[in-house]
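Numbering-wise (the UniProt record's numbering), the sequence shown opens with residue 1 and increments by one. From the three backbone atoms N, C-alpha and C, an ideal C-beta is built for every residue, glycine too. Report on one structure; see the data block that follows.
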Amino acid sequence: MGSIIEKDYIEFFTNNKDEFQESLLKEALNVREKIEEILLIGNIDLLSNAHKVVKYALEGNEEQIELFAQKEGISWASHSLTLSFKLEWVQAIRRTMWKYLQQLDQENVINMNNERFFELEKRINVSVDIFLNAFFLSYSEYKDQLIESQRALVENLSVPIIPITSRVCVLPLIGQIDSYRSNTIEEKVLLEISRLRIGTLVIDLSGIAHMETDVIQHMMKIIDGANMMGCECVITGLRPEIVRSVTGIGLSFDHKARTKATLQQALEDYLVSQ
């Protein structure tokens, strides 16, 4: 029975490809206007892909439709295409298939008894649901990977340790430092001290206007950690607001790090000492 269904319906949809396609475009009004744009942006041929979904659904080829959906999810995610268009398109494919099958049955082009109908209904709906599920999972996983790689890149750029000489590096910090970023700074600083064998790390805070108490305490621990690894820290660019915050909680950079008014002064002092 299954092979008969496959042969009858696949042959019909193949022979009436253009009519099915036109009917599909009428079902998916919003997507129709974006087909050329999506093809241009992501080299994704929605019409060709729709015929593949129909074929796999009629065959009940769950493995193939899942693999196809996973590939589609990655393509869709990598080009940041709108998910609502994809959902509308796939649901339009489902509706158009059933519209055609109903028309065929009414015109007695292909006889479909109850048993055949329910078998086909299950086959098509399960296949389309598998496609949607695999597509969205693949899309989500790929997006998560992109976000993670971008986050790692941002973290790396937010802690830019710049070598000045073989033993001296500068860490210019800009913007807001919260507990998450201070953890990132600690991890990066200690790793780079070990990797680059940094003897002096100049931490420039001229781009930081405010620090919460917990962040100040964490920065002190970072300096302690650097000192334990044999790296001297030089703090430059401290603003009055931060100085008041540091002294207000009874902390001091004494015996932890040298301080200089500006980064330029610290580097001039170092160059002179060489």
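Distance between V159 and I185, taken at the CA atoms: about 6 angstroms.
The DSSP assignment places complete alpha helix (DSSP H) segments of no fewer than 4 residues inside the UniProt domain "STAS" (158-270) at 179-196, 213-228, 240-248, in order along the chain. Judged by DSSP secondary structure, D18 falls within the alpha helix (DSSP H) whose first and last residues are 17-27.
A distance of 8 angstroms or more separates the beta carbons of T165 and S206. Rounded to the nearest whole angstrom, the C-alpha separation of Q265 and A134 is 59 angstroms.
A Cβ-Cβ distance of about 17 angstroms is found for the pair S149 and G73, leaving them out of contact under the 8 angstroms criterion.
Just so you know, the alpha carbons of R181 and I216 end up roughly 12 angstroms apart. Sequence-distant Cβ neighbours of S127 in its own chain, meaning closer than 7 angstroms and more than five residues away, are Y56, A57, G60, E62, I65. Rounded to whole angstroms, S78 and V170 show a C-alpha spacing of 36 angstroms. K256 places its beta carbon less than 8 angstroms from that of M220. Less than 8 angstroms separates the beta-carbon of V234 from that of T200. Fully contained in the region 77-143 are the following alpha helix (DSSP H) runs of length 4 or more, in chain order: 83-106. Selection E141, E22, K122 evaluated against H51 yields E22 as nearest (Cα-Cα). E33 sits in coil when the DSSP states are folded into three classes, being neither helix nor strand. Taking G42 as the centre and dropping the five residues before and after it, the same chain places the C-beta of S75, W76, S78, H79, L81 closer than 8 angstroms to its C-beta, in chain order. As the crow flies, the alpha-carbon of L173 is around 16 angstroms from that of L190. Counting only the Cα atoms, S179 lies some 42 angstroms from L67.
Take E232, set aside five residues on each side of it, and the residues of its chain with a beta-carbon closer than 6 angstroms to its own are T200, in chain order. Linking I223 to V246 through their CA atoms gives a straight-line distance of about 14 angstroms. Between E27 and A92, the gap from beta carbon to beta carbon is short of 8 angstroms.
Under the 10 Å beta carbon count, D254 is surrounded by fewer than 16 other beta carbons and is classified as exposed.
In the three-state reduction of the DSSP assignment, I41 falls in the helix class. By the neighbour-count definition (other C-beta atoms within 10 Å, threshold 16), E37 is an exposed residue.
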